[in-house]
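As structure tokens, the structure follows; a few thoughts come after it.
Residue numbers (full-length UniProt numbering): 1 to 272.
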């Protein structure tokens with residue numbers, strides 16, 4: 001019985017040591033989780049500030065989409081200025097003060113692909129807004145028979161978020177429902193029940209479905225995004241660990257007591 005007792009005690013000590021190590025690992029994991037969570041919060045705040053700074057740096061820019069490759073010739077500034085003054089109303093006597101003009105800085109596409117956009121930088125934000133509003137007011141703007149579009153020069157992240165509304169906007173146009181896309185990436189819909197403003201394509205598709213506008217977009221647009229730090233779900237199981245430890249200790253005691261009560265055995269002299 002002495003050997004059994006020693007074995008049980010050794011096992012109990014080893015179990016206690018393992019539980020202590022597991023508890024230490026749990027505490028370490030929680031500390032690491034908190035550190036990573038704080039780091040992700042800082043990273044997301046910095047990313048938001050970076051996107052804001054990039055957006056402000058593009059504030060005086062606009063983009064022209066649909067211009068055939070090579071139509072601008074060797075002097076893009078002169079080509080753009082002439083096109084704006086000849087095609088847009090009310091800008092003939094305005095000094096456009098174009099600082100820079102060039103194609104988007106991506107590889108030249110094939111003849112069958114969509115042409116690169118033209119990026120135009122104005123000295124004054126006021127002039128850029130005048131040009132943009134004149135282009136939007138004309139609506140059907142063409143060059144060599146091709147439809148031309150003017151828009152803001154958005155940061156990459158903002159542009160991606162705005163593109164997520166593409167299918168929703170097509171559905172709203174088909175139903176002749178008025179909408180706007182305020183900066184940075186929102187959707188403002190003018191419904192009979194009132195004006196609704198959405199911050200994501202998923203939010204818009206779900207709410208518009210409730211309004212009776214069928215939009216089969218939820219599966220494609222995915223679930224609403226949330227900060228990465230909120231997805232860290234590790235929690236320390238202190239109470240559950242303590243309960244398991246108590247149960248194991250009780251089982252060991254019961255096992256040893258069973259040896260004490262075997263009649264006529266050496267176990268009669270064993271005390272716990």
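Glycine is no exception: its CB is placed at the ideal position from the N, C-alpha and C atoms. Predicted, not measured: the structure shown is a model, and the values here were computed from it.
Residue 106 - DSSP class collapsed to helix/strand/coil:
As a first step, residue 106 must be located in the chain shown, where it is residue number 106. When secondary structure is reduced to three states using DSSP, residue 106 falls in the coil class, being assigned neither helix nor strand.
Which whole-angstrom value describes the C-beta separation of residue 64 and residue 150, a residue pair presumed to lie in contact below a C-beta threshold of 8 Å?
In the chain shown, the residue the question calls residue 64 occupies position 64. In the chain shown, the residue the question calls residue 150 occupies position 150. Contact flag correct, Cβ pair sits at about 6 Å.
When burial is assigned at 16 or more other CB atoms within 10 Å of the CB, is residue 25 buried or exposed?
Numbered from 1 along the chain shown, position 25 holds the residue referred to as residue 25. Exposed, by the Cβ-count rule.
Whole-number beta carbon distance between residue 121 and residue 100, since they are thought to touch under 8 Å
Residue 100 sits at position 100 when you count from the first residue of the chain shown. Residue 121 sits at position 121 when you count from the first residue of the chain shown. For residue 100 against residue 121, the beta-carbon gap comes to about 4 Å, under 8 Å, which counts as contact.
Please confirm if the stretch 40 to 59 is in contact with the stretch 132 to 147, defined as three or more CB-CB distances below 8 Å between the two stretches.
Proximity of the stretch 40 to 59 to the stretch 132 to 147 falls short of the contact definition, fewer than three beta-carbon pairs being nearer than 8 Å.
Using a threshold of 7 Å, state whether the C-beta atoms of residue 185 and residue 163 are closer than that.
As a first step, residue 185 must be located in the chain shown, where it is residue number 185. As a first step, residue 163 must be located in the chain shown, where it is residue number 163. For residue 185 and residue 163, no; Cβs fall outside 7 Å.
State buried or exposed for residue 14, treating a residue as buried only when at least 16 other CB atoms are found within 10 Å of its CB.
Here residue 14 refers to the residue found at position 14 when the chain shown is read from its first residue. Exposed, since its Cβ has fewer than 16 Cβ neighbours within 10 Å.
The beta strand (DSSP E) enclosing residue 194, as first and last residue numbers:
Taking the chain shown and counting its residues from 1, the one referred to as residue 194 is at position 194. Here the beta strand (DSSP E) through residue 194 covers 194 to 198.
According to DSSP, what are the bridge partners of residue 189?
Taking the first residue of the chain shown as position 1, residue 189 is located at position 189. In the DSSP assignment, residue 189 forms a beta bridge with 179, 196.
Taking DSSP as the reference, what is the three-state secondary structure of residue 158?
Against the chain shown, residue 158 aligns to sequence position 158. The answer is helix: DSSP assigns residue 158 an H, G or I state.
Own chain, CB closer than 7 Å to residue 179, minus 5 neighbours either side, in chain order
Here residue 179 is taken as the residue at index 179 of the chain shown, counted from 1. Contacts found: 169, 172, 187, 188, 189, 190.
Skipping 5 residues on each side, what residues in its chain have a beta carbon closer than 6 Å to that of residue 128?
What you label residue 128 is simply residue 128 of the chain shown in a count that begins at 1. Closer than 6 Å at Cβ, skipping near neighbours: 60, 62, 122.
So, do the stretch 75 to 88 and the stretch 43 to 54 have three or more beta carbon pairs nearer to each other than 8 Å?
No, they do not touch.
Return yes when the Cβ of residue 147 is within less than 7 Å of the Cβ of residue 70, no when it is not.
As a first step, residue 70 must be located in the chain shown, where it is residue number 70. As a first step, residue 147 must be located in the chain shown, where it is residue number 147. Not a contact, by the Cβ cut-off of 7 Å.
Which residues in the same chain have their Cβ closer than 8 Å to the Cβ of residue 6, if we skip the five residues on either side of it in sequence?
Along the chain shown, one-based indexing puts residue 6 at 6. Short of 8 Å from the beta carbon of residue 6, and not among the five residues preceding or following it, lies no beta carbon of its own chain.
Alpha carbon to alpha carbon, what distance is there between residue 68 and residue 92?
Taking the first residue of the chain shown as position 1, residue 92 is located at position 92. Taking the first residue of the chain shown as position 1, residue 68 is located at position 68. About 24 Å.
Is residue 203 closer than 7 Å to residue 51 when the C-beta atoms are compared?
As a working mapping, residue 51 is identified with position 51 in the chain shown. As a working mapping, residue 203 is identified with position 203 in the chain shown. The beta carbons of residue 51 and residue 203 sit no closer together than 7 Å.
Terminal residues of the beta strand (DSSP E) in which residue 93 lies
Mapped onto the chain shown, residue 93 falls at position 93. Per DSSP, residue 93 belongs to no beta strand (DSSP E) and is neither H nor E.
Since residue 81 and residue 105 are thought to touch, with beta carbons under 8 Å apart, how far apart are those beta carbons, to the nearest angstrom?
In the chain shown, residue 81 corresponds to position 81, counting from 1. In the chain shown, residue 105 corresponds to position 105, counting from 1. About 21 Å separates the CB atoms of residue 81 and residue 105; that is not less than 8 Å, and the two are not in contact.
Can you name, in chain order, every residue of its own chain whose Cβ lies under 7 Å from the Cβ of residue 199, other than the five neighbours on each side?
As a first step, residue 199 is located in the chain shown; it is residue number 199 there, counting from the start. Excluding positions up to five away in sequence, the list reads 186.
Can you check DSSP and say which residues form a bridge with residue 101?
The residue you call residue 101 lines up with position 101 of the chain shown. Answer is 120.
Residue 165 and residue 201 closer than 7 Å at C-beta:
For this step, residue 165 is matched to residue 165 along the chain shown. For this step, residue 201 is matched to residue 201 along the chain shown. Cβ atoms of residue 165 and residue 201: closer than 7 Å.
Quick check on residue 147: does DSSP put it in helix, strand or coil?
In the chain shown, residue 147 corresponds to position 147, counting from 1. In this structure, residue 147 counts as strand in the three-state DSSP scheme.
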